[in-house]
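Residues are numbered in my numbering as their position in the sequence shown, beginning at 1, plus a constant of 199.
Note that the Cβ used here is the ideal one computed from N, Cα and C, for glycine as well.
Each remark here refers to the structure printed beneath this line.
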Amino acid sequence: MPVLALGDVLLVTLQGDLHDSAAERLQHDIAERVAREPVAGVVIDISGVEVVDSFLARVLAEIASTARLLAARTVLAGMRPAVAVTLVELGLTLPELTTVLDVGQALALLGRTPSGPRARQGGA
Numbered sequence: 200m201p202v203l204a205l206g207d208v209l210l211v212t213l214q215g216d217l218h219d220s221a222a223e224r225l226q227h228d229i230a231e232r233v234a235r236e237p238v239a240g241v242v243i244d245i246s247g248v249e250v251v252d253s254f255l256a257r258v259l260a261e262i263a264s265t266a267r268l269l270a271a272r273t274v275l276a277g278m279r280p281a282v283a284v285t286l287v288e289l290g291l292t293l294p295e296l297t298t299v300l301d302v303g304q305a306l307a308l309l310g311r312t313p314s315g316p317r318a319r320q321g322g323a
């Protein structure tokens with residue numbers, strides 16, 4: 200599963216069912232990239248994911264914790280309502296993750312525009 204660099208933000212888009220081994224590989228790949236590259240944020244787009252089980256939720260939380268320890272912020276984008284309901288029913292919270300509706304909002308939250316450069320802060 201590709202991890203794209205948009206400046207100092209990593210973007211990964213999850214699609215369909217993510218097998219446990221693929222989720223663990225993703226966790227390792229993101230940790231390696233955050234450790235060796237100047238990364239300010241990680242955006243994980245789950246809009247193409249129909250089901251998030253407890254294992255995947257744990258992996259997402261661990262990705263966020265690892266990134267935070269390496270000075271990067273993780274934003275989860277595109278959670279479907281059914282996925283949110285399932286996580287609540289399972290009693291799973293993702294305290295290390297900020298959630299937004301889509302990738303554009305995630306990039307804006309990280310101070311980036313969808314085209315990549317940093318958004319201006321303040322006046323001129």
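Q. So Leu289 is in the beta strand (DSSP E); what residue range does that whole segment cover?
A. Unbroken run through Leu289: none, as it is neither H nor E.
Q) Where does Gly277 land, buried or exposed, given buried means 16+ other C-beta within 10 angstroms? A) buried
Q) Where does the unbroken beta strand (DSSP E) through Gly240 begin, and where does it stop? A) Gly240 to Gly247
Q) Tell me the DSSP bridge mates of Leu210? A) Leu203 and Val242
Q) Among the residues of its own chain, which have a CB less than 6 Å from the CB of Val330, if the five just before and after it don't count? A) Examination of residue 330 is not possible in this model, given that the chain is present from 200 through 323 alone.
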